[in-house]
Amino acid sequence: MRYKALLIDNDETLMDFHTAEGNAIAQVNALLGIGDPQARERYSAINAQCWRDYEKGLITQDEVKLRRFREYLQWYGLDAKPEEITERYADALSQQCILLDGALDVLKAISAQMPIALVTNGIGRVQRSRLEKGNLWGYFRAVIISQEVGAQKPDPQIVFAALKALGDIPPEEALLCGDSLTSDILAANRAGVDACWFNPCHQARPADMAIRYEIDDIRELMGIALAQ
Numbered sequence: 003m004r005y006k007a008l009l010i011d012n013d014e015t016l017m018d019f020h021t022a023e024g025n026a027i028a029q030v031n032a033l034l035g036i037g038d039p040q041a042r043e044r045y046s047a048i049n050a051q052c053w054r055d056y057e058k059g060l061i062t063q064d065e066v067k068l069r070r071f072r073e074y075l076q077w078y079g080l081d082a083k084p085e086e087i088t089e090r091y092a093d094a095l096s097q098q099c100i101l102l103d104g105a106l107d108v109l110k111a112i113s114a115q116m117p118i119a120l121v122t123n124g125i126g127r128v129q130r131s132r133l134e135k136g137n138l139w140g141y142f143r144a145v146i147i148s149q150e151v152g153a154q155k156p157d158p159q160i161v162f163a164a165l166k167a168l169g170d171i172p173p174e175e176a177l178l179c180g181d182s183l184t185s186d187i188l189a190a191n192r193a194g195v196d197a198c199w200f201n202p203c204h205q206a207r208p209a210d211m212a213i214r215y216e217i218d219d220i221r222e223l224m225g226i227a228l229a230q
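Position one of the sequence shown corresponds to residue 3 (the working numbering), numbered consecutively onward.
In structure tokens form, the structure reads like this:
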């Protein structure tokens, strides 16, 4: 086979994070007594900006977790402690494992032929709990989480950590698949790993990134990763 290992993103590549986040925020809103029908959109906007700042290296992951709820609480004029709400949200999110259509088929097929490493910018205890809830541990040879290794995509160090965990796989013998251009694809480019962009929403393809493969159905990854 052309590739000896697959590195794969989790949220919005394997798991439906949008729905999971909505379920967790609904629990937080119920706790806080927030009935605003636009609350989910408000939180998502705040959260997205925090993660963009994180990917740029402007704030730490711990700062993301607190800042998003500090700003959310301020928006609604609530005096709850952001630290407490952060924990409640993490507890709720950790129980959410909603796989995208075809994801389990991909994991079963590819893990039978080559080692897979999950490479995610998520929070350690949350991601691990979600994997356990979905009985997914057996499909991964390694699980690399930014909070635990001290590097986040697009930093190539998190990719190198995954390659090392899989047995020092050379970058040119690995494939990285993910949905985010600024996180997954850029990390692959910086690490010298072939990139497969999962693009179900058919976003415009950027000219300044090396994208070897582009797919809109995650099941297409099987033919790419396992090609001779």
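Where is the CB? At the ideal position from N, CA and C, for every residue including glycine.
Tell me the rounded alpha-carbon separation between residue i and residue j.
i, j, result
"glutamine 40", "alanine 47", "11 Å"
"alanine 227", "glutamate 175", "11 Å"
"serine 148", "leucine 80", "31 Å"
"proline 117", "alanine 22", "27 Å"
"leucine 223", "alanine 82", "44 Å"
"leucine 120", "arginine 192", "18 Å"
"glutamate 73", "threonine 122", "25 Å"
"alanine 229", "isoleucine 112", "11 Å"
"arginine 4", "isoleucine 220", "19 Å"
"cysteine 198", "glycine 180", "7 Å"
"leucine 232", "leucine 109", "The question about residue 232 has no answer here: the residues shown for the chain are numbered 3 through 230."
"valine 128", "glycine 225", "31 Å"
"glycine 37", "glutamate 43", "13 Å"
"leucine 165", "tyrosine 45", "35 Å"
Span of the beta strand (DSSP E) holding residue i?
i, result
"glutamate 246", "With the chain running from 3 to 230 in the structure shown, residue 246 is simply not present."
"alanine 176", "176-180"
"aspartate 196", "196-200"
"alanine 28", "Per DSSP, alanine 28 belongs to no beta strand (DSSP E); it is in the alpha helix (DSSP H), 19-34."
"threonine 122", "118-122"
Quick check on this structure: which residue in the options has the alpha carbon closest to the alpha carbon of residue i?
i, options, result
"leucine 75", "Asp93, Ile112, Val30", "Val30"
"tryptophan 53", "Ile146, Met3, Val66", "Val66"
"alanine 189", "Ala82, Gln154, Asp13, Arg42", "Gln154"
"glycine 140", "Leu106, Lys166, Asn123, Thr122", "Leu106"
"histidine 20", "Gly104, Leu95, Leu68, Tyr78", "Leu95"
"leucine 183", "Leu168, Gly104, Ala50, Met211", "Met211"
"glutamine 63", "Pro158, Ala163, Gly152, Gln159", "Gly152"
Would you mind reading off the limits of the alpha helix (DSSP H) that contains residue i?
i, result
"tryptophan 53", "41-57"
"leucine 223", "222-227"
"valine 151", "148-151"
"valine 161", "158-167"
"isoleucine 10", "Segment 7-10 is the beta strand (DSSP E) holding isoleucine 10; no alpha helix (DSSP H) there."
"phenylalanine 71", "63-77"
"proline 173", "No alpha helix (DSSP H) holds proline 173; DSSP gives it neither H nor E."
Just to confirm my understanding: we take residue i, look at its own chain, exclude 5 residues before and 5 after, and list those with CB closer than 7 Å. What are they?
i, result
"arginine 207", "Ile213, Glu216"
"arginine 143", "Pro117, Ile118, Ala119, Leu168"
"proline 156", "Glu57, Thr184, Ser185, Leu188, Ala189, Arg192"
"aspartate 218", "Asn201, Pro202, His204"
Using C-beta distances below 8 Å, list every residue in its chain close to residue i, excluding the 5 sequence neighbours before and after it, in chain order.
i, result
"arginine 90", "Gln29, Val30, Leu33"
What does a CB cutoff of less than 6 Å around residue i pick up in its chain, not counting 5 residues either side in sequence?
i, result
"glycine 194", "Pro173"
"asparagine 25", "Gln98"
"glycine 126", "Ile147, Gln149, Glu150"
"phenylalanine 232", "Outside the shown range of the chain, which is 3 to 230, sits residue 232, and nothing can be said about it."
"serine 131", "Ser96"
"aspartate 55", "Ile61"
Could you check how far apart the C-beta atoms of residue i and residue j are, in whole angstroms? I think they sit under 8 Å.
i, j, result
"leucine 138", "valine 161", "Incorrect: roughly 21 Å between the Cβ atoms, too far for contact."
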